[in-house]
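Colleague: Sharing a structure with you now.
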Amino acid sequence: MLALAIITISLALVAYSFGVISEARRKNLFWRDVAWFGVGLVFDTTGTILMSVMSNNGDKVLAPWASSLMSITGSLAIALMAIHILAAVYVLKVRPQARKMFHPVSVAIYVIWLISYLVGMLGVMWG
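Taking the working numbering, I'd label the letters of the sequence shown as residues -8 to 118.
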């Protein structure tokens, strides 16, 4: 199950990175970017649930220092990803003139998500 969790969270990294980097390079938000954000959220949530199930089953997946930290950063990352998607949908539907100003929001949330990803990766490596 650990391998599946690692694969799904890594797929989240690929999808979310693709969406954020594409949007940031164009400096304009499109629906396809929101779709990539959503794919990243689905993969990240799936991987996080798998890790949580392993942890609840007593599997020692993470290094002791990482377990509590991952609970906080992982939950924050998923919440921010969901907020990011909702904000992107709002911008595209209600405030299309803000499309070209949205990329700093995307980059900020992405950096926070990357920190969570790195904490999890290091926690598993050292676990």
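Just so you know, even glycine gets a beta-carbon here, dropped at the ideal spot from N, CA and C. Because the structure is a prediction, the values reported are computed rather than measured.
1. For T36, which residues in the same chain have their Cβ closer than 7 Å to its Cβ, ignoring the five residues on either side in sequence?
2. Buried or exposed for V5, please, with buried defined as at least 16 other CB atoms from any protein chain shown within 10 angstroms of its CB.
3. With 16 other CB atoms within 10 Å as the buried threshold, where does L109 fall?
4. For S120, count neighbouring Cβ atoms within 10 angstroms of its own Cβ and tell me buried if that reaches 16, exposed if not.
5. Over the uninterrupted alpha helix (DSSP H) stretch that includes N47, give me the two end residues.
6. Given a cut-off of 8 Å, decide if T(-1) and L41 are closer than it, judged by their beta-carbon atoms.
7. When the distance is taken between beta carbons, is W22 closer than 8 Å to G10?
8. Helix or strand or just coil, what does DSSP make of W117?
9. So V82 and R90 are in contact, right, with Cβ under 8 Å, and what is the actual spacing, rounded?
Modeller: A quick look at the data gives this:
1. I69
2. exposed
3. exposed
4. This structure gives no information on residue 120, because the portion of the chain shown stretches from -8 to 118.
5. 22 to 47
6. yes
7. no
8. coil
9. 6 Å
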